[in-house]
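The structure under discussion appears below in the form of structure tokens.
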Amino acid sequence: MKTVKPAEGETFDIELEEDLLRQNQELARKNHELLEKYNVHAVDILGSIGSGKTTIVQQLVKNLNGIYRMAAVAGDLTTTIDANRIQKKGASVIQANTGKECHLDANLVKKALAELDLEKLDLLFIENVGNLICPGEFPLGAHQRIVVVSTTEGPYMIVKHPYILMDASIIVINKIDLAEAMDVDLNQLKKDALNIKPELKVVFTNGRTGEGIKELIEALNLPRR
Amino acid sequence: MHEASIAQSIVQTVLREAEKQNAVRVESVEIEIGDLTFLGIDQVAFWVETGFAETIAEKAKVVFKQIKGIIRCTECGYEGNIKIEEDPAYHLNLPTFACPKCGSTHIEITQGREALIRRIKILKN
Chain A
110 MKTVKPAEGE TFDIELEEDL LRQNQELARK NHELLEKYNV HAVDILGSIG
160 SGKTTIVQQL VKNLNGIYRM AAVAGDLTTT IDANRIQKKG ASVIQANTGK
210 ECHLDANLVK KALAELDLEK LDLLFIENVG NLICPGEFPL GAHQRIVVVS
260 TTEGPYMIVK HPYILMDASI IVINKIDLAE AMDVDLNQLK KDALNIKPEL
310 KVVFTNGRTG EGIKELIEAL NLPRR
Chain B
67 MHEASIAQSI VQTVLREAEK QNAVRVESVE IEIGDLTFLG IDQVAFWVET
117 GFAETIAEKA KVVFKQIKGI IRCTECGYEG NIKIEEDPAY HLNLPTFACP
167 KCGSTHIEIT QGREALIRRI KILKN
């Protein structure tokens, strides 16, 4: 740190260069290292409230049961409702309640990782708090990120939240069975996503029936076990 | 709402540094926020002002500098602004995360994700 004294000798300029996001980034890097050490592949799932994140995780766990040893971290403000739903499908679940915070952060995930027996895991799903803004700021240390949007959120969800796709590799467009009722054009949603990030893989799903989950698993391109 | 927690760490960091330096007053604080963060400058500014109330930084001039999003293409070597389509009628601001020159998706974000306190000016007795 440089301290520069002005001529009057009264006021001082202090070059702080203090990065306010660095602490989280540093913790995320450590989480990532820990996951790598135990050969656990982590997938971070973002989406707004009610977009179907938990249902998608349930379907993934159901379809991958017996192939991978799985766990999930379910981020929420309160309650263990989502955690219980995922657990029923065959994964161990750690509920990460943020209290009043609008996002998971790397520190909370670090605590959740400490509760898991990483040696007995291949795959970890980290379901973030339902929000398409704040979680974007806080990397958690996962290997890849899925963003889930659904037709019931209307036709403009993607163009209104373009920056959330910045670090995503897959976008899931969920509740396709309701597209017609919602007067939402699925191809337009796909076009919107690819216009923002051309390298995204786009997967259409119906979380309730499991339609599209096989395609999602393919898109995830998970390490072989 | 995460602006509040970022603002809180700005307030804590500035006051801690001022105390360490035996400052009697914080004159100014310079903060840089990147366009590719998820932070609203006006909201951060409001919470910082609230946090500084009744402290030695109460009268500090808090200056925010907006940092542009810059990408570098690892294929054609382009380095510059990220392509953003703007439509003021809809308040639309649509970025494209690809090289605006060659279209490649092999890009690196080199600027625009920072949120930092660049410098502070303090008054000592």
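The listed protein sequences derive, respectively, from chains A and B.
So for the first sequence, this note's numbering puts the first residue at 110; every next one is plus one.
So for the second sequence, this note's numbering puts the first residue at 67; every next one is plus one.
Glycine residues also receive a C-beta, built at the ideal position from the N, C-alpha and C atoms.
For clarity, every value in this text was computed on a predicted model and none was experimentally measured.
So, under 8 Å CB-CB, residue i and residue j are touching, yes? Tell me the CB distance rounded to an integer number of Å.
i, j, result
"B/Ala-126", "B/Ser-94", "6 Å"
"A/Gly-156", "A/Val-258", "6 Å"
"B/Arg-210", "B/Thr-103", "Residue 210 of chain B cannot be examined here, being either before or after the span of chain B that is shown, 67 to 191."
"B/Val-114", "B/Ile-186", "The Cβ separation is near 12 Å, so there is no contact."
"A/Val-182", "A/Ile-235", "5 Å"
Give me the Cα-Cα distance between residue i and residue j, rounded to the nearest whole angstrom.
i, j, result
"A/Val-152", "B/Ala-119", "42 Å"
"A/Gly-208", "A/Leu-186", "5 Å"
"A/Asp-128", "A/Lys-219", "21 Å"
"B/Ser-75", "A/Gln-132", "11 Å"
"A/Gly-184", "A/Val-238", "5 Å"
"B/Leu-105", "B/His-68", "8 Å"
"A/Ala-205", "A/Gly-199", "18 Å"
"A/Leu-169", "A/Ile-322", "7 Å"
"B/Ile-72", "A/Gly-175", "42 Å"
"A/Ala-277", "B/Lys-190", "48 Å"
"A/Asn-315", "A/Asn-330", "20 Å"
"A/Asn-240", "A/Val-281", "15 Å"
"A/Thr-260", "A/Tyr-272", "19 Å"
"A/Thr-120", "A/Leu-130", "28 Å"
"B/Lys-12", "B/Ile-136", "There is simply no residue 12 of chain B to check, as chain B begins at 67 and stops at 191 in what is shown."
"B/Val-77", "B/Gly-117", "6 Å"
"A/Gln-167", "A/Leu-136", "28 Å"
"A/Gln-134", "B/Asp-101", "18 Å"
"A/Gln-297", "A/Asp-226", "43 Å"
"A/Arg-138", "A/Tyr-147", "15 Å"
"B/Asn-147", "A/Glu-124", "27 Å"
"A/Ala-180", "A/Ile-203", "8 Å"
Under the three-state reduction of DSSP, which class applies to residue i: helix, strand or coil?
i, result
"B/Ser-75", "helix"
"B/Pro-161", "strand"
"B/Lys-131", "strand"
"A/Val-256", "strand"
"B/Ile-122", "coil"
"A/Tyr-265", "coil"
"B/Ile-99", "strand"
"B/Arg-184", "strand"
"A/Gly-156", "strand"
"A/Glu-119", "coil"
"A/Asn-240", "strand"
Among the options, which one has its Cα closest to the Cα of residue i?
i, options, result
"B/Leu-158", "A/Lys-269, A/Arg-131 and A/Glu-320", "A/Lys-269"
"B/Ile-175", "B/Phe-130, B/Pro-161 and B/Lys-187", "B/Pro-161"
"A/Asn-140", "A/Pro-248, A/Lys-162 and A/Glu-126", "A/Pro-248"
"A/Leu-233", "A/Leu-287, A/Leu-295 and A/Val-149", "A/Val-149"
"B/Ala-181", "B/Glu-145, B/Val-110 and B/Asn-88", "B/Val-110"
"A/Lys-284", "A/Thr-163, A/Gln-253, A/Asp-276 and A/His-212", "A/Thr-163"
"A/Asn-304", "B/Arg-184, B/Val-77, B/Arg-185 and B/Cys-165", "B/Cys-165"
"A/Leu-213", "A/Asp-231, A/Gly-245, A/Arg-138 and A/Glu-224", "A/Gly-245"
"A/Val-256", "A/Gly-263, A/Leu-309 and A/Arg-138", "A/Leu-309"
"A/Val-286", "A/Asp-301, A/Thr-318, A/Glu-324 and A/Ile-267", "In the sequence under discussion, the amino acid at residue 286 of chain A is Asp, which differs from the Val named in the question. Here the closest residue by C-alpha is A/Thr-318."
"B/Glu-98", "B/Phe-163, B/Asp-108 and B/Val-129", "B/Val-129"
Can you pull the DSSP bridge partners for residue i?
i, result
"B/Arg-91", "B/Leu-189"
"A/Glu-320", "A/Asn-315"
"B/Asn-147", "B/Ile-136"
"A/Ile-203", "A/Val-182"
"A/Tyr-177", "A/Asn-174"
"A/Lys-310", "A/Ile-279"
"A/Glu-127", "B/Ile-183"
"A/Ile-235", "A/Asp-153 and A/Val-182"
"B/Ile-173", "B/Cys-139"
"B/Glu-152", "B/Asn-159"
Please find out if some non-hydrogen atom of the ligand FAD comes closer than 6 Å to the beta-carbon of residue i.
i, result
"A/Lys-220", "Absence of the ligand FAD is noted for the structure shown, with no ligands found whatsoever."
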